[in-house]
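Asks:
2 protein chains.
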Amino acid sequence: DHAPKAHLIKLGTMGEYGTPNIDIEEGFLTITHNGRQDRLPFPMQPGSFYHLSKLHDSHNIQFACRIWGLRATDLHQGVVYGNHTDDVAMDPGLSTRFDYDAIWGTVLNRFCVQAALGLPLTVYGKGGQTRGFLDIRDTVACVRLALENPATEGEYRVFNQFTEQFSVKTLAEKVRDARAAHGLTTSIVHLPNPRVEREEHYYNAKHQKLLDLGLQPHYLGDTLIESVIDIVERHASRVDPVELEQPNVDWRRGGTANWRRRPVVVSSKTPSPTVARAREKERRVAQTR
Amino acid sequence: DHAPKAHLIKLGTMGEYGTPNIDIEEGFLTITHNGRQDRLPFPMQPGSFYHLSKLHDSHNIQFACRIWGLRATDLHQGVVYGNHTDDVAMDPGLSTRFDYDAIWGTVLNRFCVQAALGLPLTVYGKGGQTRGFLDIRDTVACVRLALENPATEGEYRVFNQFTEQFSVKTLAEKVRDARAAHGLTTSIVHLPNPRVEREEHYYNAKHQKLLDLGLQPHYLGDTLIESVIDIVERHASRVDPVELEQPNVDWRRGGTANWRRRPVVVSSKTPSPTVARAREKERRVAQTR
Numbered sequence: 001d002h003a004p005k006a007h008l009i010k011l012g013t014m015g016e017y018g019t020p021n022i023d024i025e026e027g028f029l030t031i032t033h034n035g036r037q038d039r040l041p042f043p044m045q046p047g048s049f050y051h052l053s054k055l056h057d058s059h060n061i062q063f064a065c066r067i068w069g070l071r072a073t074d075l076h077q078g079v080v081y082g083n084h085t086d087d088v089a090m091d092p093g094l095s096t097r098f099d100y101d102a103i104w105g106t107v108l109n110r111f112c113v114q115a116a117l118g119l120p121l122t123v124y125g126k127g128g129q130t131r132g133f134l135d136i137r138d139t140v141a142c143v144r145l146a147l148e149n150p151a152t153e154g155e156y157r158v159f160n161q162f163t164e165q166f167s168v169k170t171l172a173e174k175v176r177d178a179r180a181a182h183g184l185t186t187s188i189v190h191l192p193n194p195r196v197e198r199e200e201h202y203y204n205a206k207h208q209k210l211l212d213l214g215l216q217p218h219y220l221g222d223t224l225i226e227s228v229i230d231i232v233e234r235h236a237s238r239v240d241p242v243e244l245e246q247p248n249v250d251w252r253r254g255g256t257a258n259w260r261r262r263p264v265v266v267s268s269k270t271p272s273p274t275v276a277r278a279r280e281k282e283r284r285v286a287q288t289r
Numbered sequence: 290d291h292a293p294k295a296h297l298i299k300l301g302t303m304g305e306y307g308t309p310n311i312d313i314e315e316g317f318l319t320i321t322h323n324g325r326q327d328r329l330p331f332p333m334q335p336g337s338f339y340h341l342s343k344l345h346d347s348h349n350i351q352f353a354c355r356i357w358g359l360r361a362t363d364l365h366q367g368v369v370y371g372n373h374t375d376d377v378a379m380d381p382g383l384s385t386r387f388d389y390d391a392i393w394g395t396v397l398n399r400f401c402v403q404a405a406l407g408l409p410l411t412v413y414g415k416g417g418q419t420r421g422f423l424d425i426r427d428t429v430a431c432v433r434l435a436l437e438n439p440a441t442e443g444e445y446r447v448f449n450q451f452t453e454q455f456s457v458k459t460l461a462e463k464v465r466d467a468r469a470a471h472g473l474t475t476s477i478v479h480l481p482n483p484r485v486e487r488e489e490h491y492y493n494a495k496h497q498k499l500l501d502l503g504l505q506p507h508y509l510g511d512t513l514i515e516s517v518i519d520i521v522e523r524h525a526s527r528v529d530p531v532e533l534e535q536p537n538v539d540w541r542r543g544g545t546a547n548w549r550r551r552p553v554v555v556s557s558k559t560p561s562p563t564v565a566r567a568r569e570k571e572r573r574v575a576q577t578r
């Protein structure tokens with residue numbers, strides 16, 4: 001009642017779609033069935049309770065647009081990588097969180113941390129899990145594009161917000177190859193998958209609408225991977241090695257053994273040689289400041 | 290963790306589907322798109338926040354079945370009519386609620402109350418709104434059939450639980466005709482629709498699975514309509530006439546004028562002649578007990 005012309009820009013997720021065996025469209029799909037046709041919301045199969053909560057938001061917002069004529073853009077965002085935008089880079093105090101654990105973290109972050117510490121890259125299951133990805137700079141650009149090109153009255157629209165799709169295995173290989181270019185050897189190991197998800201599946205998601213609005217993608221290259229690894233190396237002593245071991249939540253069994261006795265593990269654990277070296281290095285750097 | 294073999298029977302609603310321009314299947318739809326095919330959740334467009342909440346339940350339950358191997362039956366129920374089952378009829382103390390207002394009530398109940406009081410039947414908008422309906426006795430039978438034929442491990446299944454579909458206008462005509470058979474005249478009026486919904490639309494929802502399990506439907510006939518009207522007539526003095534006037538919530542504008550000043554209206558209002566007669570009659574009946 002107070003701002004009926006407001007334009008809601010919602011940061012949603014590609015995870016609402018799940019991994020259907022058909023092409024993923026941007027929010028809606030024209031379906032022909034028994035000789036009749038309608039343009040309907042794309043059928044959703046979210047892959048976690050987090051993604052379910054985003055789907056509930058989507059349905060609620062869509063309803064509000066239909067009933068009250070509100071306008072909304074639902075950005076179905078892929079997995080974000082990268083740490084810096086031009087603005088954030090202006091001052092270390094503007095640095096953002098860097099999550100690499102099994103719950104909040106994202107897979108490329110984990111691989112970069114593991115590579116920086118000389119640990120094997122841990123792929124969950126077969127690694128054929130494929131998702132859409134984008135650079136943090138493109139995230140900011142996409143939100144801006146949505147803002148500058150608002151939805152019309154009563155319109156609920158969905159933009160699939162990612163620039164490239166990769167399998168987890170492909171990402172691990174990219175990190176390994178980026179290291180190999182500098183003569184560094186990185187191994188890849190497959191862990192039992194703590195999640196319940198398809199490990200080999202079809203995946204082809206459309207992402208045209210933001211390109212049509214003028215998005216200039218930053219594609220994932222060695223430079224980006226190296227810059228993330230570089231940041232991790234500078235802060236290697238702050239890495240929690242427990243987070244990098246077997247993931248601490250198993251979807252089938254709940255918390256794992258590691259997770260349940262974690263306080264004990266953390267206090268008694270001897271750091272790996274790599275972590276010990278990194279801590280020593282940071283201590284020395286701190287002393288010379 | 291405590292009852293992994295439990296079978297959840299969820300009372301959901303046909304309202305999760307909305308009114309798509311294609312046939313409504315029972316929970317899932319095989320979709321062919323760009324030469325590929327998948328069986329996916331039927332695309333949902335719930336028509337109110339109540340129905341949205343049921344849709345959120347459906348997605349959460351479906352996920353739990355997929356991840357933890359739980360078993361669930363989601364009964365997408367239509368609009369229920371009728372007051373009695375054999376069990377409830379055994380004693381007046383077992384009587385259930387009878388809702389006829391614009392929020393909790395259902396349309397056939399409202400029409401029966403209006404017919405009993407000699408008031409016009411109020412159709413919201415054009416009255417082409419079409420939904421699935423079923424007798425309360427069939428509701429009980431359906432839950433029993435789901436219970437006796439449980440879902441398998443990890444299965445999330447949907448039964449569309451209704452026996453016939455009617456438009457609101459058709460229901461009004463059925464009530465009018467049932468009264469006419471006894472020489473009583475009933476008029477039908479169209480009010481501005483307080484809701485936001487399609488008033489003329491395609492509607493063809495499948496409801497085969499419960500029939501396959503052995504459901505013997507009680508179809509809507511004059512006898513049922515007359516029995517409901519009869520019950521209302523016996524309790525006519527307890528009808529709140531304000532509830533039967535212009536619906537007290539308007540989806541576009543919020544509460545209506547009537548709703549906002551309702552306490553005053555109720556206390557100062559003179560009952561309509563019909564209501565006054567009914568109250569007098571009940572008073573006399575009470576005195577002779």
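If you're matching them up, the sequences are chains A and B in order.
Counting from 1, one number per residue, gives the positions in the first sequence under the numbering used here.
Counting from 290, one number per residue, gives the positions in the second sequence under the numbering used here.
Don't be surprised by glycine CBs; every beta carbon is placed ideally from N, CA and C.
Values in this document were obtained by computation on a predicted structure and should not be read as measured data.
Within a Cβ cutoff of 8 angstroms, which residues of the same chain sit near C112 (chain A), ignoring the five residues on either side of it in sequence?
Replies: Once the five neighbours on either side are set aside, the close Cβ partners of C112 (chain A) are Y100, V175, I225, V228, I229 and V232.
Asks: In the DSSP assignment, find the alpha helix (DSSP H) that holds S58 (chain A) and state where it starts and stops.
Replies: F49 to W68 is the extent of the alpha helix (DSSP H) around S58 (chain A).
Asks: CB-CB under 7 angstroms to F98 (chain A), same chain, minus the five flanking residues each way: which ones, in chain order?
Replies: Hits under 7 angstroms: N83 and N109.
Asks: Confirm, please, whether the CB-CB distance from L210 (chain A) to F133 (chain A) is below 8 angstroms.
Replies: In this structure, L210 (chain A) does not lie closer than 8 angstroms to F133 (chain A) by Cβ.
Asks: For a cutoff of 8 angstroms on Cβ pairs, would you count I103 (chain A) as touching chain B?
Replies: No, no contact with chain B.
Asks: Just to check my reading of the structure: D376 (chain B) and P506 (chain B) have Cβ atoms closer than 8 angstroms, yes? What is that Cβ distance to the nearest angstrom?
Replies: Actually they are not in contact, since the Cβ atoms of D376 (chain B) and P506 (chain B) sit about 19 angstroms apart, beyond 8 angstroms.
Asks: Report the rounded CA-to-CA distance for H201 (chain A) versus L244 (chain A), giving the unit in angstroms.
Replies: Computed Cα separation, rounded: 26 angstroms.
Asks: Do you know offhand how far Y492 (chain B)'s Cα is from G307 (chain B)'s?
Replies: Approximately 9 angstroms, taken between the alpha carbons.
Asks: Determine whether the beta carbon atoms of H580 (chain B) and V447 (chain B) lie at a separation below 8 angstroms.
Replies: The structure shown does not extend to residue 580 (chain B), since chain B is modelled only from 290 to 578, so the question has no answer here.
Asks: Once DSSP output is grouped into helix, strand and coil, what is the label at L509 (chain B)?
Replies: Coil, per DSSP.
Asks: Helix, strand or coil, according to DSSP, for S187 (chain A) in the structure here?
Replies: The answer is coil: DSSP assigns S187 (chain A) none of H, G, I, E or B.
Asks: Per DSSP, what are the beta-bridge partners of I313 (chain B) in this structure?
Replies: Per DSSP, B:A494.
Asks: Assign L119 (chain A) to one of three DSSP states: helix, strand, or coil.
Replies: L119 (chain A): coil per DSSP, three-state reduction.
Asks: Measuring CA to CA, which of A:T30, A:K10, A:W68 and A:V123 is closest to H2 (chain A)?
Replies: Answer by Cα proximity: A:W68.
Asks: So with CB distances below 7 angstroms, who are the chain B contacts of H2 (chain A)?
Replies: Per Cβ cutoff of 7 angstroms: no residues; H2 (chain A) is ~13 angstroms from chain B at best.
Asks: Quick check on the DSSP output: the alpha helix (DSSP H) that includes V80 (chain A) runs from which residue to which?
Replies: No alpha helix (DSSP H) contains V80 (chain A), which is instead part of the beta strand (DSSP E) from V79 to Y81.
Asks: Can you list, in chain order, the residues of its chain with a C-beta nearer than 7 angstroms to that of P552 (chain B)? Leave out the 5 residues immediately preceding and following it.
Replies: Its pLDDT being 44, under 50, P552 (chain B) is placed unreliably in this model, and the coordinates cannot settle the point.
Asks: Consult DSSP for S167 (chain A) and reduce its assignment to one of helix, strand or coil.
Replies: S167 (chain A) falls in the strand class under three-state DSSP.
Asks: If we ignore side chains and look at the alpha-carbon of each, how far apart do H51 (chain A) and I313 (chain B) end up?
Replies: C-alpha separation (whole angstroms): 26 angstroms.
Asks: With respect to the alpha helix (DSSP H) encompassing P335 (chain B), which residues constitute its N-terminal and C-terminal limits?
Replies: P335 (chain B) -> no alpha helix (DSSP H), and no H or E assigned at all.
Asks: Identify every residue that forms a DSSP beta bridge with P330 (chain B).
Replies: Bridge partners of P330 (chain B): B:F317.
Asks: Which residues in chain B sit within 8 angstroms of F159 (chain A), going by Cβ to Cβ distance?
Replies: Within 8 angstroms Cβ-Cβ: nothing; F159 (chain A) doesn't reach chain B, min ~19 angstroms.
Asks: Using a Cβ-Cβ distance under 8 angstroms, would F422 (chain B) count as near chain A?
Replies: No, because no Cβ of chain A sits closer than 8 angstroms to the Cβ of F422 (chain B).
Asks: Can you tell which of A:L55, A:F28, A:L40 and A:P4 has the C-alpha that lies nearest to the C-alpha of F15 (chain A)?
Replies: Note on identity: in this sequence residue 15 (chain A) is Gly, with Phe being the wrong assignment. Nearest option by C-alpha distance: A:L55.
Asks: Going by DSSP in three states, V196 (chain A) sits in which element: helix, strand or coil?
Replies: Here V196 (chain A) sits in coil by DSSP.
Asks: Show which residues of chain B have a CB atom less than 7 angstroms away from the CB atom of L52 (chain A).
Replies: Near L52 (chain A) (Cβ distances below 7 angstroms), the residues of chain B are H348, N349 and F352.
Asks: Nearest chain B C-beta to S268 (chain A) closer than 8 angstroms, yes or no?
Replies: Model confidence at S268 (chain A) stands at a pLDDT of 37, short of 50, so the residue's coordinates are unreliable; what they give is reported in the following sentence. Answer no: the Cβ-Cβ gap between S268 (chain A) and chain B never drops below 8 angstroms.
Asks: Where do the N-terminal and C-terminal ends of the beta strand (DSSP E) with R446 (chain B) fall, by residue?
Replies: Element bounds for R446 (chain B): Y445 to Q450.
Asks: Going along chain B in order, which residues have a C-beta closer than 9 angstroms to the C-beta of H76 (chain A)?
Replies: Simply none; closest approach about 16 angstroms.
Asks: Per DSSP, which residues does T362 (chain B) bridge with? Please list them.
Replies: Beta-bridge pairing links T362 (chain B) to B:I298 and B:R446.
Asks: Looking at the strands, I want to know which residues DSSP matches up with R386 (chain B).
Replies: Bridge partners of R386 (chain B): none, in fact.
Asks: Please go through the same chain and pick out, in chain order, the residues whose beta-carbon is closer than 7 angstroms to the beta-carbon of T13 (chain A), but skip the five residues on each side of it.
Replies: Same-chain partners within the cutoff: H51, K54, H76 and Q77.
Asks: Could you tell me which of B:G543, B:P381, B:A353 and B:A440 sits nearest to T362 (chain B), measuring between CA atoms?
Replies: Residue B:A440 is the option with its Cα nearest to T362 (chain B).
Asks: How many angstroms separate the CA atom of L250 (chain B) from the CA atom of C65 (chain A)?
Replies: There is simply no residue 250 (chain B) to check, as chain B begins at 290 and stops at 578 in what is shown.
Asks: Three-state secondary structure (DSSP) at L533 (chain B)?
Replies: Helix.
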